[in-house]
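In case it helps, the numbering used here puts the sequence shown at residues 176 to 310. C-beta: ideal position from N, C-alpha, C; glycine also. Here's the structure we're looking at; comments come further down.
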Amino acid sequence: MTALVPGSRLALPSIAAWLENPWPFAEHNPVRIEESTEDGRFVVRAELPGFDPEKHISVTTHNGLLTISAEREAKEIAEGRSEFFYGTFSRTVSLPAGADPAKVKATYTDGILEISMPVSAHPRDKHVKIQVTKD
């Protein structure tokens with residue numbers, strides 16, 4: 176809802192747009208995600224409706240981070256209005272300890288991108304006790 180009276184223009188953003196952000200001046204990120212660990216796999220699901228996954232979606236891992244990037248090109252509309260978000264969108268999440276990004280898999284079905292990778296129950300982090308001496 177952008178106006179209470181058809182055809183009127185408001186100087187302020189719509190109430191719905193304000194409610195989508197926890198803080199009205201914060202950056203709006205239209206990529207909504209879910210993270211979970213299911214059956215020994217770390218799973219991230221992202222809402223990306225209307226994208227061609229082979230042309231406009233990229234998934235990368237680097238230094239313990241998973242980044243999802245997508246791009247939607249704007250269409251010129253002579254008359255009317257659009258509430259779609261255009262441009263490049265990106266979300267980055269931290270991978271849990273024990274996640275194996277070398278075995279990541281991604282699928283795109285019905286506008287949902289699902290990324291999963293194995294995660295070990297006991298990560299191989301080394302715990303080293305360091306002796307502290309007094310000078």
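ask   = When you compare only the Cα positions, how much space is there between V206 and F260?
value = Going by the C-alpha atoms only, they are around 10 Å apart.
Can you tell me which of V307, P293, K309 puts its alpha carbon nearest to the alpha carbon of T212?
Ranked by Cα distance from T212, the first of V307, P293, K309 is P293.
Original post:
Shortest alpha-carbon distance to V279 belongs to which of G273, V307, I252, I290?
Top reply: Selection G273, V307, I252, I290 evaluated against V279 yields I290 as nearest (Cα-Cα).
From the DSSP output, in three-state form, read off E222 for me. In the three-state reduction of the DSSP assignment, E222 falls in the strand class.
**Q.** Host beta strand (DSSP E) of P276 (start-end)
**A.** Segment: none, P276 is in no beta strand (DSSP E) and carries neither H nor E.
Please tell me whether S265 and I243 are closer than 8 Å, where the distance is taken between their beta carbons. Taking 8 Å as the Cβ cut-off, S265 and I243 qualify as a contacting pair.
ask   = Going by DSSP, what residues sit across from K304 in a beta bridge?
value = Its beta-bridge partners do not exist; DSSP assigns none.
| Among A253, R256, E254, A249, which one has its Cα closest to the Cα of G262? | Here the closest residue by C-alpha is A249.
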